[in-house]
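Reading through the structure tokens given below for one structure.
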Ligand SMILES: O=c1[nH]cnc2c1ncn2[C@@H]1O[C@H](CO)[C@@H](O)[C@H]1O
Ligand SMILES: [Zn+2]
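Numbering (this note's numbering), first residue to last: 308 to 646.
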């Protein structure tokens with residue numbers, strides 16, 4: 308079938324890595340921002356990874372231009388709205404959009420202003436398109452634990468007002484999760500759902516720490532889980548969900564090749580896996596493409612794609628009321644396509 312029509316969920320989508328070159332140029336013109344080029348195709352080369360990307364650290368250099376264009380209330384609202392417009396075209400019924408508030412304070416915005424502007428763009432998008440949207444606030448690994456504690460405080464303030472969780476992202480190889488234990492303990496105290504990038508650019512011990520010491524209910528990527536059979540059992544037992552992003556995982560060299568991606572292995576082992584985009588612009592992908600990769604490269608059948616979407620639904624950080632609404636919508640739409 309045409310997978311664009313297949314109802315989908317994306318739980319792992321970075322806002323700053325998903326702004327299209329056209330939108331970047333629009334913002335640059337509006338706000339007089341100097342970009343290296345105003346040509347859409349040339350700009351794409353600056354914000355998209357090449358095939359020979361060596362590692363996550365190199366991948367992370369591709370976020371500079373979008374950061375420059377995401378410093379004003381208007382731009383933040385605009386990119387958030389555009390995100391919902393874009394993903395609604397891929398029949399995404401629910402998305403958790405994540406961003407790191409501190410990255411958007413270079414022109415003097417406070418982190419709570421960053422959050423409220425992104426939330427208002429998401430809300431407007433929800434009103435205009437058939438996609439439910441919530442936000443996850445990211446603590447950056449290279450930021451101080453004091454700054455990350457402020458992020459948790461802001462998340463608590465906006466919890467159930469659009470924000471549904473917190474995350475830890477950035478350079479995993481040089482900043483293990485443990486450094487932010489105090490921040491995530493505070494999140495636990497506030498009952499803020501936690502997801503953490505782990506086992507992407509470092510070993511399975513980071514997955515263990517994220518789950519056992521930092522309280523993560525979901526793991527961003529978790530590629531290297533398979534290195535530790537005991538941990539595989541623990542992840543199953545605790546019903547931890549993995550947010551896999553195949554195209555990004557190949558680009559950041561979290562896996563050596565498409566063939567060695569563990570998504571089918573984990574799925575067959577009964578681990579709760581989900582499929583996501585990570586960064587649609589940086590990785591040059593969209594959610595339809597990621598679902599297609601599951602079919603074409605890993606032999607998933609449509610019923611299994613539905614199961615994966617329901618894994619995403621079950622692991623979504625939205626409140627139960629909204630989750631039930633979403634479940635009804637998905638069930639109805641799957642019935643229409645005979646699933
Ligand atoms: O796959 C990833 N692993 C780790 N960090 C990431 C990934 N994708 C994006 N970011 C980081 O998260 C920031 C906020 O969205 C981005 O600016 C980027 O530095
Ligand atoms: Zn990510």
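Even glycine gets a Cβ: it sits at the ideal position worked out from N, Cα and C.
Fill in: Among 524, 505, 612, the one whose alpha carbon lies nearest that of residue 533
As a position in the chain shown, residue 533 is number 226, starting the count at 1. Ranking 524, 505, 612 by CA distance to the CA of residue 533 puts 505 first.
Worksheet item: Sorted by chain position, which residues of the same chain lie with C-beta nearer than 6 Å to residue 462's C-beta, five sequence neighbours on each side aside?
Response: To locate residue 462, count along the chain shown from 1; it is residue 155. For residue 462, same chain residues with a beta-carbon under 6 Å away, outside a window of 5 residues either side, are 444, 470, 473, 499 in chain order.
Worksheet item: Going by C-alpha distance, which of 450, 487, 332 is nearest residue 522?
Response: Position 215 of the chain shown holds residue 522. Of the listed residues, the one whose Cα sits closest to residue 522 is 487.
Practice prompt. Could you check the C-alpha separation between residue 371 and residue 353 for me, to the nearest Å?
Written response: In the chain shown, the residue the question calls residue 371 occupies position 64. In the chain shown, the residue the question calls residue 353 occupies position 46. Looking at the two C-alpha atoms, the distance is approximately 9 Å.
Practice prompt. Select from 536, 510, 571 the residue whose C-alpha is nearest the C-alpha of residue 611.
Written response: Translated into positions along the chain shown, residue 611 becomes position 304. When each option's Cα is compared against that of residue 611, the closest is 571.
Practice prompt. Please name the residue in 588, 529, 404, 615 whose C-alpha comes closest to that of residue 568.
Written response: By 1-based counting over the chain shown, the position of residue 568 is 261. When each option's Cα is compared against that of residue 568, the closest is 529.
Worksheet item: Does ligand 2 have even one heavy atom less than 7 Å from the beta-carbon of residue 477?
Response: Counted from its first residue, the chain shown places residue 477 at position 170. Checking every heavy atom of ligand 2 against the Cβ of residue 477, none is found closer than 7 Å.
Worksheet item: Since residue 573 is in the alpha helix (DSSP H), which residue starts that stretch and which ends it?
Response: Counting from one through the chain shown, the residue named residue 573 turns up at place 266. Counting along the chain, the unbroken alpha helix (DSSP H) around residue 573 starts and ends at 570 to 575.
Worksheet item: Closest by CA to residue 642, which one among 630, 599, 609?
Response: As a first step, residue 642 is located in the chain shown; it is residue number 335 there, counting from the start. Comparing Cα positions, the closest option is 609.
Worksheet item: Just to confirm, does residue 672 get its C-beta within under 7 Å of one of the non-hydrogen atoms of ligand 2?
Response: The requested residue 672 does not occur in the structure, where the chain is confined to residues 308 to 646.
Worksheet item: How long is the line joining the alpha carbons of residue 584 and residue 632, rounded to whole angstroms?
Response: Position 277 of the chain shown, counted from the first residue, corresponds to residue 584. Position 325 of the chain shown, counted from the first residue, corresponds to residue 632. C-alpha separation (whole angstroms): 24 Å.
Item to complete: Can you have a look at residue 597 and say buried or exposed, based on whether 16 or more other CB atoms are within 10 angstroms of its CB?
Response: Working through the chain shown from its first residue, we reach residue 597 at position 290. By the Cβ neighbour-count rule, residue 597 is buried, with 16 or more other Cβ atoms within 10 Å of its own.
Worksheet item: In the structure shown, what three-state DSSP assignment does residue 375 receive?
Response: Start at 1 with the first residue of the chain shown, and residue 375 comes out as number 68. Note: residue 375 maps to helix in three-state DSSP.
Discussion item. Using a Cβ-Cβ cutoff of less than 7 Å, which residues in the same chain neighbour residue 592 once the five nearest sequence positions on both sides are dropped?
Written reply: Sequence index remark: in the chain shown, residue 592 carries index 285 (1-based). For residue 592, where only same-chain residues beyond five positions count, the Cβ hits under 7 Å are 554, 584.
Discussion item. Let's see if you can read the secondary structure: which residues bound the alpha helix (DSSP H) around residue 598?
Written reply: Mapped onto the chain shown, residue 598 falls at position 291. Going by DSSP, residue 598 is part of the alpha helix (DSSP H) stretching over 594 to 605.
Worksheet item: Just how far apart, CA to CA, sit residue 438 and residue 617?
Response: Position 131 of the chain shown holds residue 438. Position 310 of the chain shown holds residue 617. Residue 438 and residue 617 have their alpha carbons spaced roughly 16 Å apart.
Worksheet entry | Nearest-angstrom Cβ-Cβ length linking residue 356 and residue 557, presumed shorter than 8 Å | Taking the first residue of the chain shown as position 1, residue 356 is located at position 49. Taking the first residue of the chain shown as position 1, residue 557 is located at position 250. Contact flag wrong, Cβ pair sits at about 10 Å.
Discussion item. Ignoring anything shorter than 3 residues, give me the beta strand (DSSP E) runs that lie fully in the region 529 to 570, in order along the chain.
Written reply: Complete beta strand (DSSP E) runs here, min 3: 548 to 551.
Worksheet item: Since residue 426 and residue 465 are thought to touch, with beta carbons under 8 Å apart, how far apart are those beta carbons, to the nearest angstrom?
Response: The sequence position of residue 426 within the chain shown is 119, counting from 1. The sequence position of residue 465 within the chain shown is 158, counting from 1. Contact between residue 426 and residue 465 holds: their C-beta atoms lie close to 7 Å from each other, under 8 Å.
Fill in: Near ligand 1: residue 450 beta-carbon under 7 Å from a heavy atom
In the chain shown, residue 450 corresponds to position 143, counting from 1. Shortest gap from the CB of residue 450 to any heavy atom of ligand 1: 7 Å or more.
Worksheet item: Can you list, in chain order, the residues of its chain whose CB lies under 8 Å from that of residue 476, leaving out five sequence neighbours each side?
Response: In the chain shown, the residue the question calls residue 476 occupies position 169. Only 321, 405, 407, 445, 446, 447, 448, 504, 527 meet the Cβ criterion.
Practice prompt. Please go through the same chain and pick out, in chain order, the residues whose beta-carbon is closer than 8 Å to the beta-carbon of residue 423, but skip the five residues on each side of it.
Written response: Here residue 423 refers to the residue found at position 116 when the chain shown is read from its first residue. By the criterion of a C-beta distance shorter than 8 Å, residue 423 is surrounded in its chain by 465, once the five residues flanking it on both sides are discounted.
Worksheet item: Rounded to the nearest angstrom, how far is the Cβ of residue 376 from that of residue 418, given a contact under 8 Å?
Response: Numbered from its first residue, the chain shown carries residue 376 at position 69. Numbered from its first residue, the chain shown carries residue 418 at position 111. The Cβ separation is near 18 Å, so there is no contact.
Worksheet item: With 16 other CB atoms within 10 Å as the buried threshold, where does residue 458 fall?
Response: Indexing the chain shown from 1 puts residue 458 at position 151. In summary, residue 458 is buried, with 16 or more beta-carbon neighbours lying within 10 Å of its beta-carbon over all protein chains present.
Worksheet item: How big is the Cα-Cα spacing for residue 634 and residue 346?
Response: Residue numbering aside, residue 634 sits at position 327 when the chain shown is read from its first letter. Residue numbering aside, residue 346 sits at position 39 when the chain shown is read from its first letter. If you draw a straight line from the Cα of residue 634 to the Cα of residue 346, it is about 42 Å long.
Discussion item. Between which two residues does the alpha helix (DSSP H) holding residue 473 run?
Written reply: Within the chain shown, the letter at position 166 stands for residue 473. Careful: residue 473 lies outside any alpha helix (DSSP H), inside the beta strand (DSSP E) at 470 to 476.
Item to complete: Whole angstroms is fine: what's the gap from residue 336's alpha carbon to residue 586's?
Response: Translated into the one-based positions of the chain shown, residue 336 becomes position 29. Translated into the one-based positions of the chain shown, residue 586 becomes position 279. Taking the CA atoms as reference points, residue 336 sits about 23 Å from residue 586.
Worksheet entry | Among 396, 397, 374, the one whose alpha carbon lies nearest that of residue 386 | Reading the chain shown from its first residue, position 79 is the one you call residue 386. Among 396, 397, 374, the Cα nearest to that of residue 386 is on 374.
Discussion item. Checking the sheet assignment: what are the DSSP bridge partners for residue 320?
Written reply: As a first step, residue 320 must be located in the chain shown, where it is residue number 13. In the DSSP secondary-structure assignment, residue 320 is bridged to 404, 585.
Discussion item. Here's a check: name, in chain order, each residue in its chain whose Cβ is nearer than 6 Å to the Cβ of residue 334, leaving out the five neighbours to either side.
Written reply: In the chain shown, the residue the question calls residue 334 occupies position 27. Within the same chain, residue 334 has close Cβ partners 376, 382.
Worksheet item: Which partner residues does residue 447 have in the DSSP bridge list?
Response: Counting from 1 along the chain shown, the entry for residue 447 is found at position 140. Its beta-bridge partners are 476.
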